[in-house]
Structure formats: C-alpha cells, structure tokens
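Novice: To convert, note that position 59 of the sequence shown is 59 in UniProt numbering; the numbers rise steadily by one, no gaps.
Glycine included, each C-beta is placed from N, C-alpha and C at the ideal position.
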Amino acid sequence: MPKSKVRKKSVYTPPQGTLQSGTASARAVQPSPRWYAPLMVTLMLLGLLWIVVFYVAGDRIPVMSGLNAGNFLIGFGLMVAGLVMSMRWR
C-alpha cells in the first residue's frame with residue numbers, strides 16, 4: 001500500500017492585538033494575607049455555632065427568640081461568607 005503524502009502545515013500566528021503578554025493589565029497573583037484563612041474558618045464556624053445554639057437554647061436567649069427564622073439567615077449568611085472567602089483564598 002502506498003504511503004500518504006505528508007502535508008506541511010504553517011505555524012498558526014494569531015492576529016495582532018489578541019496576545020497581551022507582558023502588558024500592564026496582566027497582574028501577578030499574590031498570596032492571601034496571613035489573617036485571611038483564620039477569618040474564613042472563623043466565619044464558617046460562627047455560622048455553624050449560631051445555628052446550633054439556636055436549636056439548643058434559642059428560646060432562652062432573648063435576641064434569638066425575637067429573630068425566629070432570621071437566625072437561619074444569620075447562621076447561613078456567616079457560613080456563605082466564609083465559603084465565598086475560601087474561593088478567593090490563595
């Protein structure tokens with residue numbers, strides 16, 4: 001069986017202006033500050049603790065008994081804030 005002909009392809013060169021290597025808009029990714037990770041974990045644990053305390057002793061704490069379902073919003077809000085921070089952590 002005869003060999004097929006090998007085609008030589010030219011190297012692809014993108015149009016001018018599409019590559020922006022070394023421009024001022026590209027910035028180096030810096031690591032997070034030292035306080036970032038402890039704050040992130042603290043927010044998640046505070047949210048969990050808020051919901052657990054609401055379930056266990058929410059009727060005996062005046063602030064929590066007045067909020068009723070707002071306690072879930074506070075607890076889950078704290079946990080979501082920690083989760084969002086974890087996505088930005090480097």
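(1) Given a threshold of 16 other Cβ atoms within 10 Å of its Cβ, counted over all protein chains shown, does Phe54 qualify as buried or as exposed?
(2) Taking DSSP as the reference, what is the three-state secondary structure of Tyr55?
(3) Express the C-alpha separation of Leu46 and Tyr12 in angstroms, rounding to a whole number.
(4) Report yes if the CB atom of Met85 is closer than 8 Å to the CB atom of Leu49, and no otherwise.
(5) Closer than 6 Å by C-beta to Met64: which residues in its own chain qualify, once you throw out the five before and the five after it? Chain order, please.
Specialist: According to the data block:
(1) Here residue 54 refers to the residue found at position 54 of the sequence shown. So Phe54 ends up on the buried side.
(2) As a first step, residue 55 must be located in the sequence shown, where it is residue number 55. Three-state result, Tyr55: helix.
(3) The count along the sequence shown starts at 1 and reaches residue 12 at position 12. The count along the sequence shown starts at 1 and reaches residue 46 at position 46. Here the alpha carbon of Tyr12 sits roughly 54 Å from the alpha carbon of Leu46.
(4) For the purposes of this step, residue 85 is identified with residue 85 of the sequence shown, where counting begins at 1. For the purposes of this step, residue 49 is identified with residue 49 of the sequence shown, where counting begins at 1. Going by C-beta atoms, Met85 is not nearer than 8 Å to Leu49.
(5) Working through the sequence shown from its first residue, we reach residue 64 at position 64. For Met64, the CB contacts under 6 Å within the same chain, skipping 5 residues up- and downstream, are Phe54, Gly58 and Asn71 in chain order.
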